[in-house]
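Visitor: First the structure, which I've put down as C-alpha cells, then a few questions once you've had a look.
Numbering (our numbering), first residue to last: 68 to 358.
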C-alpha cells in the first residue's frame with residue numbers, strides 16, 4: 068500500500084481523492100494545494116466518510132508542493148482557487164518542473180481535460196521520460212462513449228470495448244471497426260443509422276466533467292497499484308523520437324512505473340487515414356515498451 072499525491076484540491080482533485088479512497092487500494096492520499104484550508108477541509112470530509120463507505124484510506128492535506136516527496140504516484144488536477152479549472156499555462160509548467168525535481172521516480176498522471184499540452188511540455192522541455200508522464204482524460208471520453216453505445220444497444224457498458232486514438236478534442240479517432248460488444252463486432256450488432264448517431268456524438272463528449280475525469284484517473288491508478296495490468300486504457304502520451312512531437316491518445320498497458328506498452332491500434336483504412344491526418348501524417352507508435 069502506497070501514498071498518492073494529488074496536486075490541486077479543486078473539483079477534480081477532491082472528486083479523485085474521494086473516488087480513490089473508496090477503492091481502498093492505497094494507504095494514504097495527500098491533497099496538495101496552496102489554499103491549504105480548502106484541501107484540509109476536503110481531506111476531513113473524505114476521512115469522515117470512511118466508516119460509512121467502509122474504506123480505511125487515510126487522506127491528509129498540505130499547502131507545500133514538497134508533499135510529493137516519497138509518493139508512489141503524483142497526480143496533476145486543478146487548483147482550489149479556481150475549482151472548475153485544471154492546472155494550466157505557466158502555473159502548470161512551473162508546478163510540473165518542481166514535481167520533476169522533487170520526485171524523480173514516481174509516475175505523473177495528468178488527470179485534466181486540458182493536460183495534453185502539459186504532457187508535451189514535460190516530455191519535450193523538462194526531459195521527463197515519456198513512460199513516466201501520461202494523461203487519463205481520453206479514458207474518461209471512452210467511458211462516456213461506452214455508456215452511449217450501451218444505451219443505443221440496450222446492453223451493459225461492461226460488455227463494450229472501444230479504443231480512442233488521435234488528438235482529442237480537435238481530432239479524435241474512434242476505432243469503430245475493431246469495437247466489440249459482448250465479444251462480437253459492434254458494427255454487426257447496430258444498424259448504420261445507429262452507428263451514424265454514435266459517431267456524431269463523439270465531439271459532444273468533450274470536455275468530460277470532473278467526476279468522470281476523476282473516475283477514469285482513479286481506475287488507472289488502482290490498476291497501477293496492483294502491479295502490471297493487462298487491461299488497456301486510452302491515455303495521452305508524449306513522443307519525442309524521430310522528430311515527432313506532441314501528445315496523442317493511444318491504447319496503453321500500465322505498471323507501477325507508468326506506461327508499460329503502447330499498442331498499435333487496429334484500424335480500417337479510412338480510420339488510419341483519419342489518424343494520419345490527426346497526427347499531421349506522423350506514423351502511429353508501434354506495439355512496444357517505452358524507455
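Ideal Cβ positions, reconstructed from N, Cα and C, are used throughout, including at glycine. Small disclaimer: the values here were computed from a predicted structure and weren't measured.
Looking at residue 334: is its Cβ nearer than 8 Å to the Cβ of residue 244?
Guide: In the chain shown, the residue the question calls residue 334 occupies position 267. In the chain shown, the residue the question calls residue 244 occupies position 177. Closer than 8 Å, so yes.
Visitor: Should residue 352 be labelled buried (16 or more other beta-carbon atoms within 10 Å of its own) or exposed?
Guide: Counting from 1 along the chain shown, the entry for residue 352 is found at position 285. Any reading at residue 352 must be qualified, since the residue scores a pLDDT of 47, below 50, and its modelled position is unreliable; the value itself is stated next. It is buried - the Cβ of residue 352 has at least 16 other Cβ atoms within 10 Å.
Visitor: From the DSSP output, which residues share a beta bridge with residue 98?
Guide: In the chain shown, residue 98 corresponds to position 31, counting from 1. DSSP output for residue 98 lists 73 and 128 as bridge partner(s).
Visitor: So, with DSSP's three-state summary, where would you put residue 321?
Guide: As a working note, residue 321 is residue 254 in the chain shown. Here residue 321 sits in strand by DSSP.
Visitor: Quickly, what does DSSP pair residue 240 with across the bridge? List them, please.
Guide: Numbered from its first residue, the chain shown carries residue 240 at position 173. According to DSSP, which records beta bridges pairwise, residue 240 is partnered with 232.
Visitor: In this structure, what does DSSP give as the bridge partners for residue 248?
Guide: Taking the first residue of the chain shown as position 1, residue 248 is located at position 181. Beta-bridge pairing links residue 248 to 227 and 251.
Visitor: If you draw a straight line from the C-alpha of residue 131 to the C-alpha of residue 85, how long is it?
Guide: Locating residue 131 in the chain shown gives position 64, counting from the first residue. Locating residue 85 in the chain shown gives position 18, counting from the first residue. Taking the straight line from one Cα to the other gives about 21 Å.
Visitor: In or out: residue 354 buried (at least 16 other Cβ within 10 Å) or exposed?
Guide: Here residue 354 is taken as the residue at index 287 of the chain shown, counted from 1. Bear in mind that the predicted position of residue 354 carries a pLDDT of just 46, short of 50, making it unreliable; the figure below should be weighed with that in mind. Result: exposed.
Visitor: Tell me, please, which residues DSSP counts as bridged to residue 303.
Guide: Within the chain shown, numbered from 1, the residue matching residue 303 stands at position 236. The partner list for residue 303 (beta bridge, DSSP) reads 202 and 316.
Visitor: Please report the distance separating the alpha-carbon of residue 127 from that of residue 136.
Guide: As a first step, residue 127 must be located in the chain shown, where it is residue number 60. As a first step, residue 136 must be located in the chain shown, where it is residue number 69. The alpha-carbon atoms of residue 127 and residue 136 are separated by roughly 14 Å.
Visitor: Answer yes or no: do residue 79 and residue 281 have a C-beta to C-beta separation smaller than 8 Å?
Guide: Indexing the chain shown from 1 puts residue 79 at position 12. Indexing the chain shown from 1 puts residue 281 at position 214. Contact flag set, yes.
Visitor: Mapping DSSP to helix, strand and coil, what is residue 190?
Guide: As a first step, residue 190 must be located in the chain shown, where it is residue number 123. In this structure, residue 190 counts as helix in the three-state DSSP scheme.
Visitor: Along the alpha helix (DSSP H) that carries residue 136, what are the first and last residues, could you check?
Guide: To locate residue 136, count along the chain shown from 1; it is residue 69. Premise fails: residue 136 is in no alpha helix (DSSP H) and is neither H nor E.
Visitor: Please state the DSSP three-state secondary structure of residue 330.
Guide: If you number the chain shown from 1, residue 330 lands on position 263. Residue 330: strand per DSSP, three-state reduction.
Visitor: Just mark residue 266 as buried or exposed, buried being the case when its beta carbon has 16 or more other beta carbons within 10 Å.
Guide: Taking the first residue of the chain shown as 1, we reach residue 266 at position 199. So residue 266 counts as exposed.
Visitor: For residue 268, report the span of its alpha helix (DSSP H) as first-last.
Guide: Position 201 of the chain shown holds residue 268. Residues 259 to 268.
Visitor: Under three-state DSSP, which class holds residue 195?
Guide: Looking up residue 195 in the chain shown gives position 128. If DSSP states are grouped into helix, strand and coil, residue 195 belongs with coil.
Visitor: Out of curiosity, what's the CA-to-CA distance linking residue 174 and residue 347?
Guide: Here residue 174 refers to the residue found at position 107 of the chain shown. Here residue 347 refers to the residue found at position 280 of the chain shown. Their backbone Cα atoms lie some 28 Å apart in a straight line.
Visitor: May I ask you to report which of helix, strand or coil DSSP gives residue 87?
Guide: As a first step, residue 87 must be located in the chain shown, where it is residue number 20. In the structure shown, residue 87 sits in a helix (DSSP, three-state: H, G or I).
Visitor: Just to confirm my understanding: we take residue 211, look at its own chain, exclude 5 residues before and 5 after, and list those with CB closer than 8 Å. What are they?
Guide: Numbered from its first residue, the chain shown carries residue 211 at position 144. Answer for residue 211: 272, 275 and 279, listed in chain order.
Visitor: Whole angstroms are fine: how far does the CA of residue 199 sit from the CA of residue 350?
Guide: What you label residue 350 is simply residue 283 of the chain shown in a count that begins at 1. What you label residue 199 is simply residue 132 of the chain shown in a count that begins at 1. Here residue 350 scores only 46 on pLDDT, less than 50, and its place in the model is too uncertain to base an answer on.
Visitor: Tell me the rounded alpha-carbon separation between residue 172 and residue 116.
Guide: Counted from its first residue, the chain shown places residue 172 at position 105. Counted from its first residue, the chain shown places residue 116 at position 49. Residue 172 and residue 116: Cα-Cα distance of roughly 32 Å.
Visitor: Taking the Cβ atom as the reference point for each residue, do residue 241 and residue 229 lie within a distance shorter than 8 Å?
Guide: Here residue 241 refers to the residue found at position 174 when the chain shown is read from its first residue. Here residue 229 refers to the residue found at position 162 when the chain shown is read from its first residue. Going by C-beta atoms, residue 241 is nearer than 8 Å to residue 229.
Visitor: Can you give me the C-alpha to C-alpha distance between residue 191 and residue 318, rounded to a whole angstrom?
Guide: As a first step, residue 191 must be located in the chain shown, where it is residue number 124. As a first step, residue 318 must be located in the chain shown, where it is residue number 251. Cα-Cα distance, rounded: 21 Å.
Visitor: In this structure, does DSSP put residue 93 in helix, strand or coil?
Guide: In the chain shown, residue 93 corresponds to position 26, counting from 1. The answer is coil: DSSP assigns residue 93 none of H, G, I, E or B.
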